[in-house]
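Structure record follows, encoded as structure tokens.
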Amino acid sequence: MKPTDKAGMKYTNQRVEILAFLREHDGHPTVDEVYDGVRQKLTRISKATVYKNLKFLTEKGLLEEVNVKGVSRFEANFIPHHHLICRECGSMEDFNSEQLLDYSMKIAEEIEGFTIVSTSTNFYGVCKKCKESMESKESMESKESMESKESMESKESMESKESMESKESMESKESMESKELMESKESKKSEENT
Ligand SMILES: [Zn+2]
Ligand SMILES: [Zn+2]
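Read in order, the letters of the sequence shown are residues 1 to 194 in UniProt numbering.
Here is the structure:
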């Protein structure tokens, strides 16, 4: 076997494994996810090699590359379909609608000077996971604001209690002073009398 054949075999094997991974996992994995997946079998493969092979397979038309939020994702599903893309986490899900495909192709017939062979629509929004985490975050925040309101109220009531107490003590002080004053006055009077 010539060395070039051996190298060729290695590349073929890598590509076969990468394609197999993408066909088994019918999502839209990133380079990192494909790397983690094929590393189970090809333990010595590098991430750069995975990336190169993904690009090669895409060029050969065996994979499709889609870019979501600046991240490359790959898929092996060539049956025309649409995508649900999350604006929060960048996740991507397949969405099948024959009706939408037919409708898009019908509209495309009216486009002049461009021959349409396929169509795909992207729907952007918030995925279920992100929506749930956003809702739980919101409910936590509202709980926190309620708690802080409670603590403020209790602080207020404590303050008003304090001010009442200080008022009482002031009043009692005043009354004591006035009593003393009256007493001293009286004693003065009695002194004068003697
Ligand atoms: Zn999301
Ligand atoms: Zn897809």
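Yeah, the Cβ is synthetic: ideal placement off N, Cα and C, and Gly gets one too.
Exercise for the section: Identify whether T194 lies in helix, strand or coil by the three-state DSSP scheme. Expected result: Caution is warranted here: a pLDDT of 45 is assigned to T194, below 50, making its placement in the model unreliable, and no coordinate value can be reported.
Practice task
Would you mind listing the beta strand (DSSP E) stretches within the stretch 2-81 that are 3+ residues and don't spill past its ends, in chain order?
Solution key: With a minimum length of 3 residues, the continuous beta strand (DSSP E) runs that stay inside the stretch 2-81 are 64-68 and 71-75.
Exercise for the section: Using the Cα positions of E65 and T58, report the straight-line distance between them to the nearest angstrom. Expected result: 7 Å
Practice task
Inspect the CB distances between the stretch 41-55 and the stretch 82-102 and report whether three or more fall short of 8 Å.
Solution key: As far as the Cβ criterion goes, the stretch 41-55 does not touch the stretch 82-102, which means the pair count is below three.
Handout entry: Endpoints, the alpha helix (DSSP H) within which E98 is located
Key = E98: member of the alpha helix (DSSP H) spanning E98 to A108, first to last residue.
Exercise for the section: Inspect the CB distances between the stretch 106-113 and the stretch 60-78 and report whether three or more fall short of 8 Å. Expected result: no
Handout entry: CB-CB length for R23 against A76, believed under 8 Å
Key = 5 Å
Practice task
From the DSSP output, in three-state form, read off C130 for me.
Solution key: helix
Exercise for the section: Using alpha carbons as the reference points, say which of F21, S120 and T43 lies closest to L100. Expected result: Out of F21, S120 and T43, S120 has the C-alpha closest to the C-alpha of L100.
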